[in-house]
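The structure appears below as structure tokens.
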Amino acid sequence: MPPETSTDDERSPSALQSPAGYLGDLCGRHQIVLLGDQVGVRQHLQFLASTLAELADNGVENLAWEFTNSRRQADLDALVNAADWDGRACADLFVDLLGVGFGYQEYADVLHAVWTHNAAERRRDADRRPIRMIALGLPSYVEDPDLLDGRSAAELELRNWALGGHYRDMSAFHAASVLTTEVLRRGERALVYMNVVATTTDLVEWVDGLPTTSAGNLLWRWMRDGCRRVVFHGAVADPAATERVEELISRSPEGRGNTDISFGLDLAASTLGSVAMTQVHGSHTGVDASLRLRDVADGYVYLGTRASWEPCTLIDDLITDESFASAEARYRALDPRPEPYSSDELDEVRRSGQQELSESWPPLPEPPEEPKRRFARFRKTDS
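Last residue of the sequence shown: 425 in my numbering, with the numbers rising by one and none dropped.
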């Protein structure tokens, strides 16, 4: 008798790795893995918080990010290793970095997940695998508004002057220096979660005809194969490429009819790696050239379509009576005016900032135009 046709449940499973499995495996093979994202995507922060056990199992001792201030590293260490969780101390770390302009619950949830993981490891007498959070944040403002003489600390020229160099470059040098001191010289491994533009490695992006510098560029020039770049789907600002990736996934055997598909993969030998980039400009050789997705990143994490992104939510009661004066001064440094801002005004700034998160993300691909209807002209005949 001929063999019976196999059912869907009996068919070979997909060779694609889960996002967490892929990221953990990559971190186990390279000392630094840079994970590029856009600010404030809820699903991506939730995914990051869920990967800690996988990372620890692959020998990752550190999770580094730019969303808490480097000068508060001791406080960050104390927070994630404390006997009890201190939500107030967690919120204050975000106030210290960006004042009222930040403070999203999903970022706090990542710190809480690290604390939970470390608390569980402390209960294990053997084979402890705690994770250390490393802060890469560098303030972008002058804290005392009186020093600004009516100018805004948000002005790029002022930030460059205050830091003694171009702010973008200085922040890249700062992050690379911290990672060198806290990770590389200790012979440890780290997953580095940063804004996608800070994670380029061998690719040097061009903006207004000039090459840029990123933390990933600096690390790659030193480490080469010890450093890898992974990006979330949709994080790279190229809507046409995003649309093409989603089209290829929807037509794949795994994606056909499956709206919950998620995976991680290397781009070098994959079909997705051949997707052309139309809005990313850069070079591996010093000459601006056309790029494909595999030229932009080494790995790719797909959690869902770009249209499915949701913004992070605000931390409740972020500003307290104790932190109000500092937070108000920081915001007035960014948006100067003679009189102080009220608590209600700062709360409105927070709400409007959260509502504008999605506007900072790469735009969704434009829907295809519907074909115009063509009407036949009928000639009226005499009755």
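The C-beta atom is built at its ideal place from N, Cα and C for all residues, glycine as well.
CA-to-CA distance, THR301 to LEU356, given in whole angstroms: 28 angstroms
Any idea what DSSP makes of ILE74, helix, strand or coil? strand
Kindly indicate which residue of THR347, THR243 and ALA369 has the alpha-carbon position closest to the one of SER384. ALA369
Would LEU65 and VAL272 be called neighbours here (beta carbons separated by less than 9 angstroms)? yes
Do ALA232 and GLU103 have their C-beta atoms closer together than 9 angstroms? yes
What distance in whole Å lies between the Cβ atoms of LEU388 and ALA195, which are believed to be in contact at a cut-off of 8 angstroms? Going by Cβ atoms, the distance from ALA195 to LEU388 rounds to 16 angstroms, so no, they are not a contact pair.
Hey, which unbroken runs of the beta strand (DSSP E) at 3 residues or more fall wholly within the stretch 183–271? 232–237 and 246–249
Comparing C-alpha positions only, which one of HIS275, ASP267 and ASN160 sits nearest to ALA91? ASN160
I need the DSSP call for TYR383, collapsed to helix, strand or coil. coil
Give me, in chain order, the residues of the same chain whose beta-carbon lies closer than 7 angstroms to that of ASP99; leave out the 5 immediate sequence neighbours on both sides. GLY66
contact_flag[the stretch 111–119, the stretch 237–246] where n(CB pairs < 8 angstroms) is 3 or more: no
What are the partner residues of GLN397, as DSSP defines its beta bridges? In the DSSP output, where bridge partners are listed per residue, GLN397 has none listed.
Buried versus exposed, by CB contacts within 10 Å (16 or more), ILE173: buried
Residues of its chain near ASP308, where Cβ-Cβ distance is below 6 angstroms and the 5 sequence neighbours each way are ignored: GLY341
Quick check: the Cα distance between PRO353 and ILE303, rounded to an integer number of angstroms? 21 angstroms
Delimiting residues of the beta strand (DSSP E) encompassing TRP107: 104–111
Whole-angstrom distance between GLU296 and PRO55, CA atom to CA atom: Note that PRO55 scores a pLDDT of 48, beneath 50, so its modelled location is shaky and nothing firm can be said.
For ASP280, is the classification buried or exposed, using 16 other Cβ atoms within 10 angstroms of its Cβ as the cut-off for buried? buried
Just list the alpha helix (DSSP H) runs in the stretch 335–384, keeping only unbroken ones of 4 residues or longer that don't cross its boundaries, in chain order. 335–338 and 366–376
Put GLU46 into one of helix, strand or coil per three-state DSSP. At GLU46, the pLDDT of 42 sits below 50, so the modelled position is not reliable; the number obtained from the coordinates is stated separately. Coil, per DSSP.
Applying the 10 Å Cβ sphere with the 16-neighbour rule, what's the burial state of SER350? exposed
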